[in-house]
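Written below as structure tokens is the structure these notes are about.
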Amino acid sequence: MNIQGYKRKLLDIEKNLVARRAGARDAARAQVTDSPGDAADASVADEDESGDFTEGELDDTVLEQVRAALRRIEDGTFGRCAVDGEPIELKRLDAMPWTPYCLKHQQLLEAAARPKTPTL
Ligand SMILES: [Zn+2]
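Sequential numbering from 19 applies to the sequence shown in the working numbering.
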């Protein structure tokens with residue numbers, strides 16, 4: 019496994035996320051001083067966002083995971099599932115090198131996090 023390649027990738031992602039977060043703060047400040055009248059447009063844009071996270075919150079979550087992954091590279095545990103210690107699929111690591119879980123446990127955790135649908 020090319021750990022150094024993943025490390026470079028993770029450091030790059032970290033840099034981009036930090037830069038984007040700084041940019042988002044500037045954009046938020048700019049919006050406050052904008053003239054009113056764009057409110058309708060803004061609410062339409064909000065509805066386009068999928069998932070439970072706003073983009074900023076999602077960035078924060080990924081940033082935390084990226085930093086945790088960099089720590090795992092130092093520890094020598096990078097690329098292993100945090101639940102069972104099995105190797106994480108390489109395709110998965112290539113797509114998101116910060117993931118701490120193999121596909122199976124990612125799916126189990128997502129299923130557990132999902133609120134139960136009440137039976138009617
Ligand atoms: Zn696992």
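Glycine included, every Cβ here is placed at the ideal spot set by N, Cα and C.
Source: prediction; values computed, not measured.
Short note on Glu-104: C-beta closer than 7 Å to some heavy atom of ligand 1. Under the 10 Å beta carbon count, Ala-131 is surrounded by fewer than 16 other beta carbons and is classified as exposed.
Between Val-84 and Glu-128, the CB-CB gap reaches or exceeds 8 Å. In this structure, ligand 1 has no non-hydrogen atom nearer than 7 Å to the beta-carbon of Lys-109. Under the three-state reduction of DSSP output, Arg-132 falls in the coil class, being neither helix nor strand. Gly-74 sits exposed, since fewer than 16 C-beta atoms from the chains shown fall within 10 Å of its C-beta.
With fewer than 16 other CB atoms across the displayed protein chains lying within 10 angstroms of its CB, Pro-105 is exposed.
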